[in-house]
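First comes the structure, then the notes that go with it.
2 protein chains.
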Amino acid sequence: MIKRSWVCRRCGFKEDLNSYYYRCPKCYFPIDLEYDIEWKPSGWGIYRYKSMLPYTPLISLGEGFTPLVVRELRGVKIWFKLEYLNPSGSFKDRGSVMALSLARSLNYERVIEDSSGNTGVSVALYAQALGLKAEIIVPAAAPLCKKNLIKLFKAAIIEVGDRGRACEEALKRSEVSKAFYVAHAWSPTYLEANKTIAYEAFEQGFRGDAIITPIGSGGLLLGLYKGFSELVELGFIKDLPTIIGVQGVSIRPVYEAIHGVVEIKGDSSIADGIMVPNPPRLNEIASAITKTGGEVVLVNNNEIVQALRELINLGFLIEPTSAAALAALNKVINEGVRIREALIPLTGSGLKMIDDIAKLLSF
Amino acid sequence: MIKRSWVCRRCGFKEDLNSYYYRCPKCYFPIDLEYDIEWKPSGWGIYRYKSMLPYTPLISLGEGFTPLVVRELRGVKIWFKLEYLNPSGSFKDRGSVMALSLARSLNYERVIEDSSGNTGVSVALYAQALGLKAEIIVPAAAPLCKKNLIKLFKAAIIEVGDRGRACEEALKRSEVSKAFYVAHAWSPTYLEANKTIAYEAFEQGFRGDAIITPIGSGGLLLGLYKGFSELVELGFIKDLPTIIGVQGVSIRPVYEAIHGVVEIKGDSSIADGIMVPNPPRLNEIASAITKTGGEVVLVNNNEIVQALRELINLGFLIEPTSAAALAALNKVINEGVRIREALIPLTGSGLKMIDDIAKLLSF
């Protein structure tokens, strides 16, 4: 019998996985899932790793097992993980299939999420496919293309003032209506799902010394950290790769958690997917980075646009946020840091926003 | 030593693969590639099958090894092959990486293609990634979203009156400038690349009795036919699945090649990807279908929109043309045809045209 439980690393709360928490119900700290793992990959998609996950997703829309493509740039062998080829065009689909499968199997009928972008689209897609009603709370200024996609999947869109208000509204509505609050920045389901990127990269041949990944709410970075840590425990790789986290220069909570509050000017607004001021798992993220001897690199709009141009020239059709990681690599290489082989997840598709990308690249 | 040559099944022309022909240089019949095959899959993407292809592509942008997702609808187990998750959002990427790799290795500097849609986008993407200059000749009425994508990949766009003029212009320009005329409807490179869809479906578990696939220029249908024929020759499967080809009711050359000229009214204009009046390999397509005991099914706009709605509700974000195959399945099932398990390739992504899809579904 597989034991699976919710566990709070702070107050010690523990309970079997028969109900849902996006955070600890006792102390409001981020909550985790504890379960047995066994390495026996079989099949495709994230199903392939069901023995390494807390439970098996109920459906597949083709998420996971994305291509890993190698290019040599500035003397570094870069393994690009093409997460933008997931079903809704972003890596969030891994987490959404896990989170919404849980909602479905716990007999929820409605899910609520606050997101201005890829998570909203992804949650709407999986909610529809699983027969769940979805409400997506978005800031009024969210990109039109993403709002249209959410509507196409028949989710209700509720527009509010800004991202902070969206979060409050989602929380309030989920409490009133007893809906499943997806809360991707909190919920361990997204984090656990992202472990599979590490497994895939390993099976597809990556044995490098570094991972360079954008940090929004941190679920991607923490998933990669956990996945590679397990690969070390299993004896498949010797050392954890160094994790370089990437934030925008204007919103830099993880950088400041490590280095203290600093005065830095600059604008990184085009990387909207990583502009998250208060990631709930802030300390966990900072700790994962420092444990691997890593660093947080800050990038600005100019650097991101340059990297975006380079990636599109190489044939990777991604959105601006996804270019932040290459911008960071370019920066650390210029500063003399030596990296042999790096894994870079390319997180979101540019197909959703061709016109915006064309405008950015025309300057 | 691997022997690879161009061969014309009509006039007997034969020549080693050291130059490029999109059709027989002697009799202007469609030309083919002849080469040895050996089954030893290894790695991912279409590289996995390099021993089954005439030559190895020079790069990968993540094309191929798309997910295969099973759903049961109207008593039929349907294996949806998610070709829309290819790098530029359509199955054409398989052919483009093969065709443009050949252009590059034969030292061409420029490629020319006439296409109003997915092929143009795909050729522009691979041309850029391979360092080739591309000219895409499009009818003025081609969808704006696709023209913008082509421009993003820095291909030159030449707008002409209609599809027929685009073809003439491409031919003329390629002769004058000694550019590589991609000619996806003629060139065997696209057809050969599409064989890999059959190999993948087989490896991913498909053992069904039918394939339902849209017919535009026919490269997809012929690739599937060739791929499954080889799987029979290799002894991996016993019988060829029955191939049901799907055309729009208003442009139906393959239907008429089999049944003779008929008078049928109806509009299928929303499936722009299959509205090809003169596929060069018409007889070959008709013959592949009849040899498997298959049929051509004609569908109209209403039937396509209905299937599109059904597919998007299931969580498959595709463009209208891709829904034609499910529309055809619905039709034959209603007519009492018995199918146990069917393979349906979902050919193109809806991410490029969210607004158009939203409009279609709102009626």
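Sequences listed follow chains A and B, in order. The first sequence finishes on residue 390 if you use the working numbering, and the numbering steps up by one all the way, no holes. The second sequence finishes on residue 390 if you use the working numbering, and the numbering steps up by one all the way, no holes. Glycine included, C-beta positions come from ideal geometry on N, C-alpha and C. Computed from a predicted structure; not experimentally measured.
- Between the region 335 to 348 of chain B and the region 180 to 194 of chain B there are fewer than three inter-stretch CB-CB distances shorter than 8 Å, so the stretches are not counted as touching.
- Here the alpha carbons of B:Arg-75 and A:Pro-306 stand approximately 40 Å from one another.
- Taking 8 Å as the CB threshold, A:Ser-123 stays off the interface with chain B.
- Going by beta carbons, B:Ile-345 and A:Cys-172 fall outside the 8 Å limit.
- A straight line joining the alpha-carbon of A:Glu-90 with that of B:Ala-225 spans about 20 Å.
- Here B:Leu-133 is exposed. Its C-beta has fewer than 16 other C-beta atoms within 10 Å.
- Beta bridge pairing from DSSP links B:Trp-66 with no other residue.
- Secondary structure note for B:Leu-85: it is in no alpha helix (DSSP H), with a DSSP letter that is neither H nor E.
- For the set B:Asn-361, B:Arg-308, B:Leu-356 and B:Asp-299, the Cα lying nearest the Cα of B:Ala-169 is the one of B:Asp-299.
- For B:Phe-107, the enclosing beta strand (DSSP E) has its first and last residue at 103 to 108.
- In terms of Cβ geometry, A:Ala-130 and A:Leu-100 do not form a close pair [threshold 8 Å].
- DSSP places B:Pro-372 inside the beta strand (DSSP E), whose first and last residues are 368 to 372.
- Legend: CB atoms of the region 338 to 360 of chain B lying less than 8 Å from CB atoms of chain A belong to residues Ile-339, Asn-340, Leu-341, Gly-342, Phe-343 and Leu-344.
- Boundaries of the alpha helix (DSSP H) around A:Lys-358: 347 to 361.
- At a cut-off of 4 residues, the continuous stretches assigned as alpha helix (DSSP H) that sit fully inside the region 263 to 333 of chain B are 280 to 286 and 309 to 318.
- A Cβ-Cβ separation of about 11 Å leaves A:Val-324 out of contact with A:Ile-285 under the 8 Å criterion.
- About 15 Å separates the CB atoms of B:Val-209 and B:Ala-156; that is not less than 8 Å, and the two are not in contact.
- No Cβ of chain A is located within less than 8 Å of the beta carbon of B:Ile-297.
- With respect to the 8 Å criterion, B:Ser-349 and B:Gly-321 are not classified as neighbours on the basis of their beta carbons.
- For A:Ile-105, the CB contacts under 6 Å within the same chain, skipping 5 residues up- and downstream, are Arg-98, Ala-369 and Ile-371 in chain order.
- DSSP places A:Ile-177 in the uninterrupted alpha helix (DSSP H) bounded by 171 to 179.
- When DSSP states are grouped into helix, strand and coil, A:Tyr-208 belongs to the strand group.
- Taking 8 Å as the upper bound for CB-CB distance, A:Pro-215 and A:Ile-316 are not in contact here, some 19 Å apart.
- In the structure shown, A:Ala-183 adopts extended strand secondary structure according to DSSP, grouped into three states.
- Within the same chain, and ignoring the five residues on either side of B:Gly-245 in sequence, the residues whose Cβ sits closer than 6 Å to its Cβ are Pro-306, Arg-308 and Ile-312.
- In the DSSP assignment, A:Leu-100 is bridged to A:Val-103.
- Taken through DSSP and simplified to helix, strand or coil, A:Asp-382 comes out as helix.
- Per DSSP, the unbroken alpha helix (DSSP H) holding A:Ser-123 starts and ends at 119 to 132.
- The region 115 to 126 of chain A and the region 252 to 261 of chain A do not touch, with fewer than three beta-carbon pairs separated by less than 8 Å.
- Assignment of B:Val-203 by DSSP, reduced to helix, strand and coil, places it in the helix class.
- The alpha-carbon separation between B:Asp-266 and B:Leu-249 amounts to approximately 17 Å.
- Neighbourhood of B:Asn-145 in chain A, by CB distance below 7 Å: empty, with the nearest CB roughly 12 Å away.
- Closest in C-alpha terms to B:Pro-114, from the list B:Glu-162, B:Leu-152 and B:Gly-377, comes B:Leu-152.
- Here the alpha carbons of A:Gly-232 and B:Leu-80 stand approximately 23 Å from one another.
- In the structure shown, A:Leu-60 adopts extended strand secondary structure according to DSSP, grouped into three states.
- Contact of B:Lys-379 with chain A is assigned, a C-beta pair being separated by under 8 Å.
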